[in-house]
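Worksheet for the structure shown next.
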């Protein structure tokens with residue numbers, strides 16, 4: 021027996037080359053590894069296998085490629101496996117019928133163990149008939165191995181999705197979840213069947229991440245189409261570290277061509293001079309109908325060009341005035357000219373203006389599958405393969421220091437973030453801040469879309485801060501006057517408590533820190549269950565502990581409560597004595613840092629913490645982190661700078677009020693407000 025073994029911090033996998041099966045898969049749930057298969061996972065079900073031949077075609081630090089040939093009395097299957105260290109496997113296979121027979125049905129799926137996957141909290145997405153969010157393209161199982169919320173996920177995606185029906189077969193050992201595929205070609209000698217599938221698996225990843233704890237702004241403004249210098253300076257004052265320019269800054273949704281190249285370049289250079297990393301919006305499968313390239317790519321449109329994404333009528337993007345520039349078609353990136361067009365446009369913009377990374381919106385169709393007979397692939401293609409290929413090429417281009425943020429939503433399976441992303445952005449399509457919808461288990465840093473006004477309580481309020489801290493979420497905030505689905509304000513400080521939270525992250529080397537919370541290693545004890553926490557520890561044993569009081573009977577019965585905390589210094593290998601700095605204040609103006617008495621044996625007492633208050637504690641074996649020292653220096657003169665910032669802010673707000681009143685008088689194709697908003701899922 022020959023075993024190919026892959027071990028990472030998130031998963032352990034064994035592929036047996038003698039049988040052509042995955043014989044072992046264990047996922048890390050933040051505390052330990054758990055075996056999730058109850059039996060071998062083959063290419064697909066082939067009865068009476070007589071012979072298996074295998075060879076390693078390629079092997080490097082990122083991927084191992086195998087070729088497997090399985091032969092039975094009646095069929096031969098040839099499979100090409102790609103085993104990626106990021107946590108997914110792609111199998112491209114072809115079955116040829118050797119003799120006439122009656123076997124025309126094969127099973128393809130995941131035999132998931134009852135003990136690890138289904139005995140605790142779990143959800144089978146896109147398979148259960150009661151699930152309204154069914155997708156023929158994929159199935160996802162999210163689960164916990166104990167009494168905590170969701171900590172793991174396993175996903176299976178089928179490329180030619182019209183070939184079979186989804187199944188869930190239960191047994192004492194667990195559930196077999198996947199597809200039953202019937203093809204009469206498998207009955208007749210010489211007949212063939214081919215398909216491709218992807219298995220993606222992940223557990224909680226609390227390793228250092230370059231996005232976690234960043235202060236991220238998205239610019240949506242039509243008025244102006246780029247942020248002004250005074251706005252960027254205000255962003256920098258409060259600690260903006262990433263600024264993303266969106267569609268209104270570009271001529272077309274796909275072209276990555278600025279409306280005004282000179283102003284565009286100037287604002288990018290201005291932001292970067294202030295230490296802000298710059299990114300731009302991209303949606304790598306749409307092409308505007310007004311784009312000059314549209315006519316040359318008509319043959320590469322998905323579904324014969326019948327799909328059209330309308331900015332005014334069919335999506336959540338709502339403008340105060342009619343806008344046709346973003347009415348667009350969907351490209352099939354299996355067509356090489358479409359693939360090259362999308363990839364080259366995005367990378368040309370990235371290189372030309374010196375961006376620091378890529379922000380990629382919902383990068384593959386939510387439901388649509390290509391059925392165009394002229395595209396050289398059979399009907400029913402859901403093209404995950406070339407999507408992953410493009411994401412890999414993006415990552416190779418921007419390198420390990422570049423940033424890739426993927427924007428999806430709670431309806432996606434976690435495999436949507438399988439390749440290259442540093443963070444998954446959720447929240448646009450969800451109402452709850454729960455682990456199974458914020459992307460905790462996807463293996464990338466979960467970040468949260470927080471701008472929608474109807475989600476004030478869930479995502480932007482002081483009430484939400486406890487959950488944001490508890491789950492380790494990094495909020496994204498939208499700016500600019502665009503439409504009724506976006507907050508109509510040019511004020512980057514419209515969520516003042518986020519500004520204060522960011523100062524806590526800003527005072528610490530977040531990009532070097534491992535993250536801990538209630539889903540990971542048990543390392544923090546708090547004697548008050550109404551107080552929650554998040555903790556970050558660097559290799560130098562620097563600690564940032566953030567505590568939050570979300571309220572409850574104890575807090576309601578008192579003006580404020582106290583909390584006694586004990587860190588497990590042995591488990592976390594921390595020194596017995598540590599220097600301590602206290603970070604307090606729920607607004608930028610009240611934020612303060614004080615050097616306190618040393619902490620002994622990890623025991624900390626907070627004498628007073630009010631409802632919706634959060635407190636930061638920085639502990640170090642020696643001197644303060646350089647980030648904390650720099651922040652103290654920055655804050656010393658903040659009140660000398662703030663009057664000019666307030667004056668500019670009031671001027672902008674009055675201007676935006678006048679614009680909103682002007683928009684209010686527009687007759688937008690004679691639509692009333694209800695009709696104008698009809699069919700919009702986000703607002």
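In the numbering used here, the protein residues as written are 21 to 703.
Cβ atoms here follow ideal geometry from the backbone N, Cα and C, with glycine treated the same way.
Close CB contacts of residue 165 within its chain, under the 6 Å cut and outside five residues either way in sequence, are with 49, 54, 136 (chain order). Taking a cut-off of 8 Å on C-beta distances, the region 426–446 touches the region 367–384, as three or more cross pairs fall below it. In this structure residue 314 is buried. Its beta-carbon is surrounded by 16 or more other beta-carbon atoms within 10 angstroms.
Under the three-pair Cβ rule at 8 Å, the region 550–557 does not count as touching the region 249–263. Here residue 418 really is in contact with residue 378; their C-beta atoms are around 6 Å apart, less than 8 Å. Taking residue 492 as reference, the option from 474, 668, 468 with the minimal CA-CA separation is 468. In the DSSP secondary-structure assignment, residue 679 is not bridged to any residue. Between the region 613–633 and the region 663–675, the count of C-beta pairs closer than 8 Å stays below three; the two stretches do not touch.
Three or more beta-carbon pairs drawn from the region 641–651 and the region 517–536 are found closer than 8 Å, and the two stretches are therefore classed as touching. Setting aside the 5 residues that flank it on each side, residue 221 is surrounded in the same chain by 31, 45, 47, 56, 107, 108, 172, 173, 174, 175, each with a C-beta closer than 8 Å to its C-beta; the list follows chain order. Under the three-state reduction of DSSP output, residue 111 falls in the strand class. By the Cβ neighbour-count rule, residue 549 is exposed, with fewer than 16 other Cβ atoms within 10 Å of its own. Distances from the alpha-carbon of residue 90 to those of 75, 79, 103, 84 put 75 closest.
In the three-state reduction of the DSSP assignment, residue 359 falls in the helix class. The Cβ atoms of residue 22 and residue 37 lie closer than 8 Å to each other. Annotation: the region 27–113 contains the following complete segments of the beta strand (DSSP E) (minimum length 3 residues), in chain order: 31–36, 41–48, 53–55, 69–79, 83–92, 95–104. Beta-carbon to beta-carbon, residue 490 and residue 538 are separated by about 7 Å, close enough to satisfy the 8 Å threshold. Contact holds between the region 233–248 and the region 261–277, because three or more Cβ pairs, one in each stretch, are under 8 Å apart. In the DSSP assignment, residue 496 falls within the beta strand (DSSP E) that extends over 494–499.
For residue 619, the beta-bridge partners assigned by DSSP are 598.
In this structure residue 359 does not touch residue 216 by the C-beta definition: roughly 16 Å separates them, more than the 8 Å allowed. The beta carbon of residue 110 sits closer than 6 Å to the beta carbons of 102, 218 from its chain, once the five residues preceding and following it are set aside; these are given in chain order. Taking every protein chain shown into account, the CB of residue 104 has 16 or more other CB atoms within 10 angstroms, so this residue is buried.
About 16 Å separates the beta carbons of residue 273 and residue 299, which is beyond the 8 Å limit, so they are not a contact pair.
For residue 538, the secondary structure class from DSSP, reduced to helix, strand or coil, is coil. Contact between residue 213 and residue 200 fails: their C-beta atoms lie close to 13 Å from each other, not under 8 Å. Residue range 125–133 is occupied by the beta strand (DSSP E) that includes residue 130.
Residues 103 of the same chain have their beta carbon placed closer than 6 Å to that of residue 84, with the five preceding and five following residues left out of the count. Taking all protein chains shown into account, residue 445 has 16 or more neighbouring C-beta atoms within 10 Å of its C-beta and is therefore buried. Residues of the same chain with a CB within less than 7 Å of the CB of residue 118, apart from the 5 flanking positions on each side, are 94, 95, 96, 209 in chain order.
In this structure, the straight-line span from the alpha carbon of residue 677 to that of residue 511 is close to 12 Å. In the structure shown, the three-state DSSP call for residue 137 is helix.
In the DSSP assignment, the residues bridged to residue 587 are 544.
Annotated as distal: residue 485 and residue 684, with beta-carbon spacing of 8 Å or more. In the DSSP annotation of this structure, the continuous segment of the alpha helix (DSSP H) that includes residue 258 starts and ends at 249–258. One Cα belongs to residue 42, the other to residue 63, and the distance between them is close to 9 Å.
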